[in-house]
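So the structure is just underneath, and the comments pick up after that.
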Amino acid sequence: MNNFTYHVPESPLEAANQKTSDRHAQFIAGGTNLVDRLKVFLDKPSQLIDISKLDLQTIETMADGSLRLGALVTNTAVADNQDIRRHYPMLARAILSGASQQIRNMATVGGNLLQRTRCPYYYDTAFPCNKREPETDCPAIEGMNRNHAILGSSDHCVAVHPSDMCVALAALDAEVEVISPQGTRQIAFLDFHRLPGNRPEKDSNLEQGELITGVKIPDTSKNSSGVYLKIRDRASYSFALVSVAASVSLEGEKIEGVRLALGGVAHKPWRATETEEFLIGKSLEENTLTQAAEIALQDAKPLSQNHFKVELAKRAIIRALKVSAQGGGVV
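Printed below as a string of structure tokens:
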């Protein structure tokens, strides 16, 4: 590792001020992704700002009925919370599918949002990588790309976002709260992460010095039938080939509400809004679900080794919607 200084702020604002004054500084909390990057010299911070002791570790129900997760709440605490298990089960299921118990005990809500891709070319400095060093190359486009994006990619990057939690938060219309020396602001979750475009090195729309302080999930998202279906090469802690966060609410035989987001297919959690709109008011018939899945993948552009993801995603969508409509449960 390179040499760096170490600072422990006493408040979120102090942390934000410290980061603003040093653009090469980085925040650290659980460190489950950052430490890995430090070990292989992907990140070379001038200082680490340890925010792990800040008062951002509570889960609370707000006056408007929304649920607020402090940025430093661990993944374990979120997945074990009874209100979340009862009202936002897809979130608990997503977290439990995402990592080992040891990692969940350390990983935080805010850190989960800021995970960087697990693309092997990004981690291997023997190869060029536009995300690591802009304007070099993306060898995955013509190389090993089985696990890579089929939606929303660009000529600069085809990596996928690795988080399971973020797929569920995208489906739940969450909102990210941040603080900076300029004050506080809220970012709609769907606007928090970026598609690669010609700036793949920039994963989110955070500004310099901004610190995530919490994530807010609106009360209208409560749906006990929410499911999270993750398809991976092995059941033991692999990243998703395709994942689906879905919830369906019925009024009689008609679909009254639906939420649908995909993971493992794009540079950010992929919300299938057009598919949601298509399903409203329709009955839950096989032909309808097939059409819905086709809409969700109509813009897919698979690479040389991941054509299978298109059909896999369609089948996963149909299965997740069916299970949710039947009341949820294990998928």
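Once you know that position 147 of the sequence shown is 147 in the UniProt record's numbering, the rest is easy, because the numbers rise by one and skip nothing. Where is the CB? At the ideal position from N, CA and C, for every residue including glycine.
Hey, residue i and residue j are a contact pair by Cβ (cut 8 Å); roughly how many whole angstroms apart?
{"i": "Lys-131", "j": "Glu-201", "result": "5 Å"}
{"i": "Thr-117", "j": "Pro-128", "result": "Thr-117 to Pro-128, Cβ: 15 Å. No contact."}
{"i": "Val-178", "j": "Ala-94", "result": "Val-178 to Ala-94, Cβ: 22 Å. No contact."}
{"i": "Val-160", "j": "Ile-141", "result": "Incorrect: roughly 14 Å between the Cβ atoms, too far for contact."}
{"i": "Ala-79", "j": "Ala-99", "result": "About 10 Å; that fails the 8 Å criterion."}
{"i": "Thr-290", "j": "Ile-318", "result": "7 Å"}
{"i": "His-156", "j": "Pro-196", "result": "5 Å"}
Excluding five sequence neighbours on each side, which residues of the same chain lie with their C-beta closer than 6 Å to the C-beta of residue i?
{"i": "Ile-51", "result": "Ala-15, Phe-27, Ala-29"}
{"i": "residue 333", "result": "Residue numbering for the chain in the displayed model covers 1 to 331; residue 333 lies beyond these limits and cannot be assessed."}
{"i": "Leu-279", "result": "Ile-255, Val-258, Ala-292"}
{"i": "Ala-246", "result": "Val-227, Leu-260, Ala-320, Leu-321, Ser-324"}
{"i": "Arg-37", "result": "Asp-43"}
{"i": "Pro-139", "result": "Tyr-121, Phe-127"}
{"i": "Asn-2", "result": "Lys-44"}
{"i": "residue 333", "result": "The structure shown does not extend to residue 333, since the chain spans only 1 to 331, so no value can be given for it."}
{"i": "Thr-32", "result": "Ile-103, Met-106, Ala-107"}
{"i": "Leu-34", "result": "Ile-28"}
Let me know if residue i comes out buried or exposed under the rule of 16 or more other beta-carbons within 10 Å of its beta-carbon.
{"i": "Glu-175", "result": "buried"}
{"i": "Phe-308", "result": "exposed"}
{"i": "Met-62", "result": "exposed"}
{"i": "Ser-243", "result": "buried"}
{"i": "Asp-203", "result": "buried"}
{"i": "Lys-314", "result": "buried"}
{"i": "Ser-283", "result": "exposed"}
{"i": "Arg-234", "result": "exposed"}
{"i": "Gly-252", "result": "exposed"}
{"i": "Ala-316", "result": "buried"}
{"i": "Thr-5", "result": "exposed"}
{"i": "Gly-65", "result": "exposed"}
{"i": "Val-162", "result": "Looking at the sequence itself, residue 162 is Pro, so the reference to Val does not match. With 16 or more Cβ atoms within 10 Å of its Cβ, Pro-162 is classed as buried."}
{"i": "Glu-133", "result": "exposed"}
{"i": "Gln-18", "result": "buried"}
{"i": "Ser-153", "result": "buried"}
{"i": "Arg-185", "result": "exposed"}
{"i": "Lys-268", "result": "buried"}
What is the rounded straight-line gap between the Cα of residue i and the Cα of residue j?
{"i": "Leu-172", "j": "Gly-281", "result": "20 Å"}
{"i": "Ser-224", "j": "Val-258", "result": "13 Å"}
{"i": "Leu-250", "j": "Thr-58", "result": "33 Å"}
{"i": "Val-215", "j": "Leu-56", "result": "11 Å"}
{"i": "Pro-302", "j": "Pro-181", "result": "42 Å"}
{"i": "Arg-271", "j": "Glu-256", "result": "18 Å"}
{"i": "Ala-25", "j": "Lys-44", "result": "9 Å"}
{"i": "Ser-238", "j": "Met-144", "result": "17 Å"}
{"i": "Val-8", "j": "Gln-47", "result": "11 Å"}
{"i": "residue 338", "j": "Ile-49", "result": "Lying outside 1 to 331, the shown extent of the chain, residue 338 is not represented and no answer is given."}
{"i": "Glu-311", "j": "Gln-115", "result": "27 Å"}
{"i": "Gln-101", "j": "Gly-183", "result": "36 Å"}
{"i": "Glu-294", "j": "Gly-328", "result": "23 Å"}
{"i": "Glu-10", "j": "Asn-287", "result": "57 Å"}
{"i": "Asn-198", "j": "Cys-119", "result": "17 Å"}
{"i": "Ser-304", "j": "Leu-241", "result": "15 Å"}
{"i": "Gln-82", "j": "Ile-217", "result": "15 Å"}
{"i": "Met-90", "j": "Ala-170", "result": "11 Å"}
{"i": "Asp-219", "j": "Arg-232", "result": "31 Å"}
{"i": "Leu-113", "j": "Thr-273", "result": "21 Å"}
{"i": "Glu-285", "j": "Ser-236", "result": "34 Å"}
Go through its chain and collect everything with a Cβ distance to residue i's Cβ below 7 Å, but skip five positions before and after it.
{"i": "Glu-60", "result": "Arg-68"}
{"i": "Ser-97", "result": "Asp-164, Tyr-228, Lys-230"}
{"i": "Thr-213", "result": "Pro-12, Leu-56, Ala-71, Glu-177, Val-178, Ile-179"}
{"i": "Val-248", "result": "Ser-225, Ile-255, Val-258, Leu-321, Ser-324, Ala-325"}
{"i": "Asn-205", "result": "Ile-187, Asp-191, Phe-192, Arg-194"}
Keeping to the same chain, check which residues put their C-beta closer than 8 Å to that of residue i; ignore five residues upstream and five downstream.
{"i": "Leu-151", "result": "Leu-262, Val-265, Ala-266, Trp-270, Leu-297, Asp-299, Ala-300, Lys-301"}
{"i": "Asp-22", "result": "Ser-46, Gln-47"}
{"i": "Asn-306", "result": "Asn-145, Arg-146, Asn-147, His-148, Ile-150"}
{"i": "Lys-53", "result": "Val-8"}
Using 8 Å as the threshold, is the stretch 84–91 in touch with the stretch 182–195, meaning 3 or more CB pairs across them? no
Would you call the stretch 68–77 and the stretch 107–115 in contact, with 3 or more CB pairs under 8 Å? yes
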